[in-house]
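Numbered according to this note's numbering, the sequence shown terminates at residue 354, and the numbering increases by one at each position without gaps. Glycine included, each C-beta is placed from N, C-alpha and C at the ideal position. It should be emphasised that the depicted structure is a prediction, and the values quoted were computed from it without experimental measurement. Following: one structure in structure tokens, then a few remarks.
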Amino acid sequence: MDFDYPIINTIYIPRTPMQPVSKLLTESSLARSLDWNLLRTFLVIAEAQGISAAADILGRTQPAVSAALKRLEETMGTQLVQRSSTRFSLSETGALLHRECREIFHTIRNIPGLIGEDPSAIAGTLQLHMASHIVSDIIDDTLATFHQRYPQVALDICLQPSSALIESLLNRSINFGVSLACSKVAELEYFHLYQEYFGLFCGPRHPLFGKRGLKLEDLAGHNAVSFKVVAASEVLQTINGMYRQAKLAMPFRGISDHLEEVRRMVLAGLGVGALPLHVAARDVRDGLLWRLPPFEHPTPIDVYLVSNPKAQLSRAEQAFVRVMQEVTAAKPIEARIYAVELSEPR
9 MDFDYPIINT
19 IYIPRTPMQP
29 VSKLLTESSL
39 ARSLDWNLLR
49 TFLVIAEAQG
59 ISAAADILGR
69 TQPAVSAALK
79 RLEETMGTQL
89 VQRSSTRFSL
99 SETGALLHRE
109 CREIFHTIRN
119 IPGLIGEDPS
129 AIAGTLQLHM
139 ASHIVSDIID
149 DTLATFHQRY
159 PQVALDICLQ
169 PSSALIESLL
179 NRSINFGVSL
189 ACSKVAELEY
199 FHLYQEYFGL
209 FCGPRHPLFG
219 KRGLKLEDLA
229 GHNAVSFKVV
239 AASEVLQTIN
249 GMYRQAKLAM
259 PFRGISDHLE
269 EVRRMVLAGL
279 GVGALPLHVA
289 ARDVRDGLLW
299 RLPPFEHPTP
309 IDVYLVSNPK
319 AQLSRAEQAF
329 VRVMQEVTAA
339 KPIEARIYAV
349 ELSEPR
């Protein structure tokens, strides 16, 4: 992370004994009395994971940084950092303050762009963050329309797991993204794009490939490959349930953050894998993938444009979000449900 945070004029606060945060906030206005540079110092400490590293970044001595942290803890009336000779971690309150500090300084760093933009032109580079499993004409049509309207804007498409994308939105490392979601985070806004369905598949080198009349119990004990975030995130726990239902062997014989690589491992015969039905349909027709049970009630996953309502979007970001919402709204809901008919092979 870039630590080039602005210096804010200080307001002196006399040291006082620690007292509960709730009591402190009812006795004075924290916004008027707080030395904002203490927040900057705390943010660097939290990001650098230590007093020594933070001192190097800030160009200050370790005692000075440690004293600033102590002063902030006294002002807040609570311990923010749990530290020992071998371990550094934020307290629960410290973690909450860390997130708020990132939001504050993110807003400050956006000010030059907000006041310096030419309102008559939208140009530059737009970062679009997406999960790798995103395959939809909504995305394709949005990119085409946006490029036609704003040809001076270059796109930088960044792929990351849905769980990482949501965390980046919460700490405001990014302002919006396209993500799979099984449940919603209260602090974020969700605009529904489409619904896809997942099924289990194997490749030509797998012993079940080409076999008809298979039952779910026929999959028991076979190796599996999957998305890395299945084991680490709630986002795809419903997909993980498919593996458990089929009693596939664990641990996975291959994992990846990217849909293309999960498909590659399935084709190579490393194991059975869950893929979106509409993505796998062409490979099934071409004889590269074989649909496996369960054939009824495939697993639905919703895909959203997710944003942080506290974020300050640039003009290019505002334009892109507007185009995506227009493209999505122009399609009837039935056209945004990718319920591809990939029934049991006959």
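Helix or strand or just coil, what does DSSP make of residue i?
{"i": "Met258", "result": "coil"}
{"i": "His200", "result": "strand"}
{"i": "Ser92", "result": "coil"}
{"i": "Ile165", "result": "strand"}
{"i": "Val143", "result": "coil"}
{"i": "Phe217", "result": "coil"}
{"i": "Ala232", "result": "strand"}
{"i": "Gly42", "result": "According to the sequence shown, residue 42 is Leu rather than Gly. Leu42 falls in the coil class under three-state DSSP."}
{"i": "Thr34", "result": "Reliability fails at Thr34, whose pLDDT of 45 lies under 50, so the model's placement of it is uncertain and the value that follows must be treated cautiously. Helix at Thr34."}
{"i": "Ser315", "result": "strand"}
{"i": "Ala282", "result": "strand"}
{"i": "Leu98", "result": "strand"}
{"i": "Ser322", "result": "coil"}
{"i": "Ile116", "result": "helix"}
{"i": "Leu181", "result": "The sequence shown places Ser at residue 181, rather than the Leu named in the question. Of the three classes helix, strand and coil, the one that applies to Ser181 here is coil, per DSSP."}
{"i": "Val29", "result": "Any reading at Val29 must be qualified, since the residue scores a pLDDT of 48, below 50, and its modelled position is unreliable; the value itself is stated next. Looking at Val29 - three-state DSSP - the assignment turns out to be helix."}
{"i": "Gln87", "result": "coil"}
{"i": "Leu222", "result": "coil"}
{"i": "Glu111", "result": "helix"}
{"i": "Ala327", "result": "helix"}
{"i": "Asp294", "result": "coil"}
{"i": "Ala337", "result": "helix"}
Tell me whether residue i is buried or exposed, calling it buried when 16 or more other Cβ atoms sit within 10 Å of its Cβ.
{"i": "Cys109", "result": "buried"}
{"i": "Gln160", "result": "exposed"}
{"i": "Ser140", "result": "buried"}
{"i": "Val335", "result": "buried"}
{"i": "Ser41", "result": "exposed"}
{"i": "Ser128", "result": "Bear in mind that a pLDDT of 48 at Ser128, under 50, signals an unreliable position, so the number given afterwards is only what the model happens to contain. By the neighbour-count rule (16 or more Cβ atoms within 10 Å), Ser128 is not buried but exposed."}
{"i": "Met250", "result": "buried"}
{"i": "Thr94", "result": "exposed"}
{"i": "Gln168", "result": "buried"}
{"i": "Cys166", "result": "exposed"}
{"i": "Arg180", "result": "buried"}
{"i": "Gly229", "result": "exposed"}
{"i": "Ser191", "result": "exposed"}
{"i": "Arg67", "result": "The sequence given here places Gly at residue 67; Arg does not occur at that position. Under this definition Gly67 is an exposed residue."}
{"i": "Pro340", "result": "exposed"}
{"i": "Gly185", "result": "buried"}
{"i": "Leu104", "result": "exposed"}
{"i": "His200", "result": "exposed"}
{"i": "Pro317", "result": "exposed"}
{"i": "His305", "result": "exposed"}
{"i": "Ala347", "result": "exposed"}
{"i": "Ala337", "result": "exposed"}
{"i": "Ser144", "result": "buried"}
{"i": "Ser60", "result": "exposed"}
{"i": "Glu268", "result": "exposed"}
Which residues does DSSP list as the beta-bridge partners of residue i?
{"i": "Asp310", "result": "Ala189 and Gln203"}
{"i": "Tyr158", "result": "Paired residue(s): none; Tyr158 is not in a bridge."}
{"i": "Ser171", "result": "None; Ser171 has no bridge partner."}
{"i": "Arg299", "result": "Phe209"}
{"i": "Leu104", "result": "Leu104 is not bridged to any residue."}
{"i": "Thr133", "result": "Ala162"}
{"i": "Met332", "result": "Its beta-bridge partners do not exist; DSSP assigns none."}
{"i": "Ile345", "result": "Gln203"}
{"i": "Ser264", "result": "Phe235"}
{"i": "Met273", "result": "DSSP, once it has assigned bridges, lists no residue as partnering Met273."}
{"i": "Met138", "result": "Leu167 and Val186"}
Report back the beta-carbon spacing between residue i and residue j to the nearest angstrom; my notes put them in contact at under 8 Å.
{"i": "Trp298", "j": "Gly218", "result": "6 Å"}
{"i": "Ile263", "j": "Val287", "result": "Not really, about 18 Å apart at Cβ, beyond 8 Å."}
{"i": "His137", "j": "Ser176", "result": "7 Å"}
{"i": "Ile174", "j": "Gln135", "result": "In fact, because the Cβ distance is near 16 Å, the residues do not count as touching under 8 Å."}
{"i": "Thr83", "j": "Met332", "result": "Between Met332 and Thr83 the Cβ distance is about 43 Å, and since that is not below 8 Å, they are no contact."}
{"i": "Gly211", "j": "Leu300", "result": "About 11 Å; that fails the 8 Å criterion."}
{"i": "Pro284", "j": "Glu204", "result": "5 Å"}
{"i": "Ala51", "j": "Ala76", "result": "Note on residue identity: the sequence assigns Leu, not Ala, to residue 51. In fact, because the Cβ distance is near 11 Å, the residues do not count as touching under 8 Å."}
{"i": "Val73", "j": "Thr101", "result": "Actually they do not touch by this definition, with Cβ atoms about 19 Å apart."}
{"i": "Asn231", "j": "Arg261", "result": "4 Å"}
{"i": "Gly277", "j": "Arg220", "result": "With a Cβ gap of about 19 Å, Gly277 and Arg220 do not count as contacting."}
{"i": "Val314", "j": "Leu196", "result": "5 Å"}
{"i": "Ser170", "j": "Ala189", "result": "7 Å"}
{"i": "Val274", "j": "Phe209", "result": "6 Å"}
{"i": "Gln70", "j": "Phe96", "result": "That pair is no contact at about 13 Å."}
Give a single yes or no on whether residue i has its beta carbon closer than 8 Å to a heavy atom of the ligand COA.
{"i": "Thr69", "result": "For the structure depicted, the ligand COA is absent and the ligand set is empty, with no information on it obtainable."}
What residue ranges within the stretch 52-85 form continuous beta strand (DSSP E) runs of no fewer than 3 residues, ordered along the chain?
Entirely contained in the stretch 52-85, not one beta strand (DSSP E) run reaches 3 residues.
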